[in-house]
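Numbering (our numbering), first residue to last: 29 to 204.
Dropping the structure here:
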């Protein structure tokens with residue numbers, strides 16, 4: 029009976045004890061999704077950089093570019109010309125003209141530019157997209173004509189912002 033005495037004593041000692049009410053804990057708010065700290069800034073920087081032309085325009089070469097230099101003109105000079113490092117003093121637009129008119133206009137433009145002591149000019153010849161299967165006729169003619177002018181030291185296709193393969197920068201010999 030020893031066990032029943034202990035049981036009685038325990039019940040007597042805990043008679044005024046009331047059970048605790050069990051409440052469900054509130055669920056913790058969901059944790060925010062982790063984000064890279066500089067992700068948005070990095071994405072904006074990448075987008076901004078992708079819209080800029082590369083420092084070396086030759087990375088954009090498509091095989092449609094024109095390039096010429098006299099033997100005494102350094103390759104580095106031609107590269108600077110193609111990268112747009114020279115100030116363009118004047119420009120002429122030939123595309124849409126027939127060959128005879130384009131040649132006359134180009135000849136006069138180069139002669140006048142030399143007479144006015146210009147160093148660098150831009151000639152817009154177009155890309156020949158409407159020339160059909162024969163390709164860019166005027167562009168090829170401009171390539172040949174410019175090489176025949178003694179006043180032309182070098183020329184190369186322009187940067188994309190200045191017409192790309194539809195225009196050339198032309199480096200002229202100083203007037204004598």
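Glycine is no exception: its CB is placed at the ideal position from the N, C-alpha and C atoms.
In the DSSP assignment, what are the bridge partners of residue 118? For the purposes of this step, residue 118 is taken as the residue at position 90 of the chain shown. Its beta-bridge partners are 149.
Straight-line gap, residue 54 to residue 43 (C-alpha atoms, nearest Å): In the chain shown, residue 54 corresponds to position 26, counting from 1. In the chain shown, residue 43 corresponds to position 15, counting from 1. The alpha-carbon atoms of residue 54 and residue 43 are separated by roughly 32 Å.
Taking 8 Å as the limit between beta carbons, can you name the residues of its chain near residue 175, skipping five residues before and five after? Within the chain shown, numbered from 1, the residue matching residue 175 stands at position 147. Counting only Cβ-Cβ distances below 8 Å, and skipping sequence neighbours, we find 96.
When DSSP labels each residue in this structure, what does residue 181 get in the three-state scheme? Along the chain shown, one-based indexing puts residue 181 at 153. DSSP places residue 181 in strand when its eight states are reduced to three.
Cβ neighbour criterion (16 or more within 10 Å) applied to residue 115: Sequence index remark: in the chain shown, residue 115 carries index 87 (1-based). So residue 115 counts as exposed.
Would you check if the stretch 95 to 112 and the stretch 186 to 198 touch, i.e. whether three or more CB-CB distances between them fall below 8 Å? yes
Assuming contact is defined by CB atoms lying nearer than 7 Å, are residue 142 and residue 203 in contact in what I supplied? The count along the chain shown starts at 1 and reaches residue 142 at position 114. The count along the chain shown starts at 1 and reaches residue 203 at position 175. Yes. Within cutoff.
Please state whether DSSP places residue 203 in a helix, a strand or coil. By 1-based counting over the chain shown, the position of residue 203 is 175. Correct three-state label for residue 203: coil.
Using DSSP with H/G/I as helix, E/B as strand and the rest coil, what is residue 87? Working through the chain shown from its first residue, we reach residue 87 at position 59. Low per-residue confidence applies at residue 87: pLDDT is 42, beneath 50, and the placement is therefore not dependable enough to give any value.
In its own chain, which residues sit with a C-beta less than 8 Å from the C-beta of residue 108, not counting the 5 before and 5 after it? Sequence index remark: in the chain shown, residue 108 carries index 80 (1-based). So the list reads 114, once near-sequence residues are dropped.
Alpha carbons only, please: which of 122, 72, 39 and 134 is nearest the one belonging to residue 179? The sequence position of residue 179 within the chain shown is 151, counting from 1. The shortest Cα separation from residue 179 among 122, 72, 39 and 134 belongs to 134.
Beta-carbon separation of residue 193 and residue 119 under 7 Å? Stepping through the chain shown from its first residue, residue 193 is reached at position 165. Stepping through the chain shown from its first residue, residue 119 is reached at position 91. Result no, Cβ atoms of residue 193 and residue 119 do not sit closer than 7 Å.
To the nearest whole angstrom, what separates the beta carbons of residue 200 and residue 148, a pair I think is in contact under 8 Å? Within the chain shown, numbered from 1, the residue matching residue 200 stands at position 172. Within the chain shown, numbered from 1, the residue matching residue 148 stands at position 120. The Cβ separation is near 7 Å, so the contact holds.
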